[in-house]
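Taking our numbering, the leading residue of the sequence shown gets 282, the next gets one more, and so forth.
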Amino acid sequence: MKTRSALPSLGPRGSALVTTMAFVAILSVLLGALLQWTGTETVQVTRRQLRISSFYGAEAAVRRSMAQVQQLIVKNYPLNGYVSGPTAPTQSALNSLVSGSPPSSVKALTNFTFNAVSIGYITNAGSTNIFMSSQIPPDSTDALAGLYAIRGTIRCSATATSPGRYSVPKTVQQDFYIDYIPIFQYAVFYNMDSEVFNAEAMTINGKVHVNGTLYFAPLANLNINGNLTCAKEVWYGLKYWNSSGSGSWQTGVPTWNSTKGDFNVKNPVSGAYVNARSGSGSSSTYYDSKAGDWDTGSVTRWNGGVKNTDHGIGTITPPLPDSVISSSNPNQPYAGFNNPYHVMIEAPATTTADNISWSINTGADNADKQKAKMAYSASLVIHRSGTNVYFKVPMRDSNGNVTSFKTVNLLNQAQIVPKATATVRDQREYLMDNNKITMTELYLEHLYAAVNSSGQFLGPGGAPITTDAGGTAITTPTFNGVIYFYDDNYNGTSSSGRRPGLRVDDKSSSGGSATKSATQVPSISLVSENPVYVIGHFNADGNLNTAPEGTGSSGGSASSPSKEASYDPSTGSNPSGIKPAMIVADAVSFMSASWSRASDDDYSSMSTLWSRRAVSTSTEVNAAIIAGASTTSKTATASSSSGTTGGINNFPRFMENWGSCSFKISGSMVSLFYSQQAKSYYKTSGTGNYVFDPPVRYYAFNTEYLDPNKLPKGTPVVRRFANGLWSKN
């Protein structure tokens, strides 16, 4: 049987070839897998990089859009008072920022494709009442800590795609807050240095803020029942000018003695008043920010109740258009003092001829000046020229800008302003025409009667106004709560110069009680570039034991009043008759409820205060006050208050011998500018210079203002921008 022989062996070399080929095949598979993994990882890395790039593109689009929103607001919506609500861009104005392809707000980002960029309101400004303390703790260094804001929220969303094969779109969403912070959250607010040197015991119930240095030198105890913040220093002693070298404002630090009062600020933790005295007995001194340990020692002493620049406190100022702040006028009376905020109360000037020589802004008012001047927020302008008085209403274009003022005839207007020749002697302004202030008298009860239940102004026949005084048809004007007054016959450049003023009485010209509860006039705000003199109880019932900021229902006192029934803006109910009220003027003086209307000459004595008619009735006022301050003379000394501003204690100005009678004001006292007309320095005793004998003072913050619906119309606000919620997808 034949058999096939076995195949010959490959030998060692043949086996190696097979092994090598197998190994190469395995390596090829592994290399392929590696290359595939590397390619996949490269794609993943590329995609990751493109996603990050898309995210940053969307983030950049959001930030650029929000920056344009802020620029739009600052440029086109400066503040001139909280009238019907804070001013803010319309939705169409916001849409214009992101219109086009690519949107105008992100045109510089050319490497991206923007699938969508949108800006819109989540809440309109004024619809949400947010307390700033929810974002800023009350004990923080922020000057706005503990205050509330009227908040509007704008949301911006952007979806961006970075160029590339594996790009993925990413979306970023950011909320942007526009906070409007009403300035009436302080018992006292000063936009400049301030002084306080009360000769009688005095209590301030509420917060106090000074944008400069506070100089305190009380001759009787001063109690501040609220936090005190200063953007500069807290110094003991009277302010005086040291002419050494280039000169500077300084103060001495004398020791405490029994003729001086304590400066007490309530500790917010313990609730007890803590004084600023250091040491004991005859060696006592006052503790102030000159102390080496002030930054920590003041915190230990008052638990954050007193703060200044050493604790990070800065200035708080309502914004004005840049063009208004940068303008100047050589006729301004206070060389070296920045005074742009006085423009807020200056008269409207629709033509160059309307301006008076000392105005900080010359020429016709442009759009920025209109937004800066409170006169353009008013629904009624009362203009006195010579012996004539004109009632004017604004005509506005579609954007709300005033194009002209039309003179109208009001119901019973001869009773609203019945007397155009009254004069009052103001001893503080003694250099001008033997102190005489030429008064225009305004009786608010008659003005209220010229407004119907729909808020329309009524003409002489009692029907809504439909034509101006010349018979030309106009849209029926309505009352928004703001009245502006100016007398253009000011000439204070010589001793015989004419000094105008407005005297306000919330009663009728025949006396009696004012109709303060009228629902058609839920708020009253008076603004004037002239000094204003308020006579008698204003927006108040004269009962010093009750007040809007009071607590409890009975058993109150002037220093701790019981609660008055308050105005309800939702129903118009006003059982107490007290309404939100504001007076803004070059200066504000108060005449007592016992002032003799029949004979102003009873107050004309130049020789002594005591020969004038004395006050016999305590007086009550419920109103927020914004007024000017005089400067401190460089001739003032460290030992006398003469030549100073008069200080916080004399911010409400007086002219009478008050004796033991009291003056009580519930509201908020704000000084934003220096007076331009009632600008004489404060005076103390001396022949011909004894201006008044002070009342027992009760100054309190009206807590009703913490409800934005109960703020006086035209309330100035501070605007603040802040970032809100952020998300990505």
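Just so you know, even glycine gets a beta-carbon here, dropped at the ideal spot from N, CA and C.
Cβ pair residue i, residue j closer than 8 Å
| i | j | result |
| --- | --- | --- |
| Ile354 | Tyr402 | no |
| Ser943 | Ala862 | no |
| Ala868 | Gly927 | no |
| Thr532 | Tyr496 | yes |
| Phe760 | Val808 | no |
| Val489 | Gly507 | yes |
| Ala895 | Asn938 | yes |
| Met655 | Tyr765 | yes |
| Val785 | Leu692 | no |
| Asn682 | Gln651 | yes |
| Gly817 | Met872 | yes |
| Ser804 | Lys1009 | no |
| Asn930 | Met625 | no |
| Thr704 | Asp768 | no |
| Ala866 | Val813 | yes |
| Asp474 | Lys541 | no |
| Leu732 | Val698 | Reading off the sequence shown, one finds Val at residue 732, where the question assumed Leu. Result no, Cβ atoms of Val732 and Val698 do not sit closer than 8 Å. |
| Val972 | Met936 | yes |
| Gly1005 | Asp974 | no |
8 Å contact criterion, which residue i and residue j should meet: CB distance rounded
| i | j | result |
| --- | --- | --- |
| Val515 | Val587 | 7 Å |
| Ile464 | Val998 | 6 Å |
| Ile505 | Ile485 | 5 Å |
| Pro450 | Ser335 | 6 Å |
| Ser346 | Val398 | 6 Å |
| Ser685 | Val763 | Wrong, their Cβ atoms sit about 18 Å apart, outside the cutoff. |
| Glu481 | Ala498 | No, Glu481 and Ala498 are not in contact; Cβ-Cβ is about 14 Å, not under 8 Å. |
| Asn472 | Thr598 | 6 Å |
| Pro758 | Ser660 | 6 Å |
| Ile459 | Gly427 | Between Gly427 and Ile459 the Cβ distance is about 20 Å, and since that is not below 8 Å, they are no contact. |
Pairwise C-alpha distance: residue j and residue i
| i | j | result |
| --- | --- | --- |
| Gln349 | Thr440 | 18 Å |
| Tyr771 | Phe672 | 19 Å |
| Asp646 | Asp678 | 15 Å |
| Arg779 | Arg665 | 13 Å |
| Thr300 | Thr327 | 40 Å |
| Ser798 | Val580 | Note that Ser798 scores a pLDDT of 48, beneath 50, so its modelled location is shaky and nothing firm can be said. |
| Ala628 | Ile906 | 19 Å |
| Ala744 | Gly593 | 58 Å |
| Gln958 | Gly518 | 28 Å |
| Thr747 | Arg344 | 49 Å |
| Thr404 | Gly833 | 36 Å |
| Thr968 | Ser899 | A caution first: Thr968 carries a pLDDT of 42, below 50, which makes its placement in the model unreliable, though a value can still be read off. Spanning the two alpha carbons is a distance of roughly 27 Å. |
| Gln694 | Tyr963 | 37 Å |
| Ala616 | Ala648 | With a pLDDT of only 40 at Ala616, under 50, the local geometry of the prediction cannot be trusted, and the value read off the model is given with reservation. Straight-line Cα distance between these residues: approximately 27 Å. |
| Ala653 | His623 | 10 Å |
| Asn811 | Pro933 | 15 Å |
| Ser847 | Asp988 | 12 Å |
Limits of the unbroken beta strand (DSSP E) element including residue i
| i | result |
| --- | --- |
| Thr719 | 717-724 |
| Ile594 | Taken as a continuous stretch (DSSP letters only), Ile594 belongs to no beta strand (DSSP E), as it is neither H nor E. |
| Ile1034 | The question about residue 1034 has no answer, for the chain in this structure spans 282 to 1010. |
| Ala695 | Unbroken run through Ala695 is the alpha helix (DSSP H), 694-697; no beta strand (DSSP E). |
| Asp769 | Note, Asp769: premise wrong, no beta strand (DSSP E); not H, not E. |
| Val453 | 451-463 |
| Gln531 | 529-531 |
| Met676 | 669-677 |
| Asp786 | 781-786 |
| Val662 | 661-666 |
| Tyr814 | 813-816 |
| Gly427 | First-last for Gly427: undefined, no H or E at that position. |
Residue i - containing alpha helix (DSSP H), residue span
| i | result |
| --- | --- |
| Arg582 | 575-583 |
| Leu1018 | For the chain, the structure presents residues 282 to 1010; residue 1018 sits outside this window and is missing. |
| Asp649 | 648-653 |
| Gln737 | Premise fails: Gln737 is in no alpha helix (DSSP H) and is neither H nor E. |
Proximal residues to residue i (C-beta, below 7 Å), its chain only, five neighbours per side dropped
| i | result |
| --- | --- |
| Val555 | Asn545, Val546, Asn548, Arg582, Trp583 |
| Asp749 | Lys687, Thr688, Val689, Ile755 |
| Leu992 | Tyr363, Pro463, Phe465, Pro861, Tyr986 |
| Lys513 | Gly493, Thr494, Asn589, Thr590 |
| Asn523 | Ser529, Gln531 |
| Glu340 | Val453 |
Own chain partners of residue i with C-beta closer than 6 Å, once the 5 adjacent residues on each side are dropped
| i | result |
| --- | --- |
| Gly240 | The requested residue 240 is not part of the displayed model; the chain covers only 282 to 1010. |
| Ser438 | Ser399, Gln454 |
| Phe1002 | Gln351 |
Close-in-space but distant-in-sequence residues of the same chain around residue i (CB under 8 Å, 5 per side omitted)
| i | result |
| --- | --- |
| Asn903 | Phe819, Asn820, Ala821, Ala828, Pro829, Ile859, Ala862, Ile946, Ser947, Gly948, Asn983 |
Any non-hydrogen atom of the ligand FMN closer than 7 Å to residue i Cβ
| i | result |
| --- | --- |
| Thr984 | In the structure on display, the ligand FMN does not appear, and there are no ligands present to speak of. |
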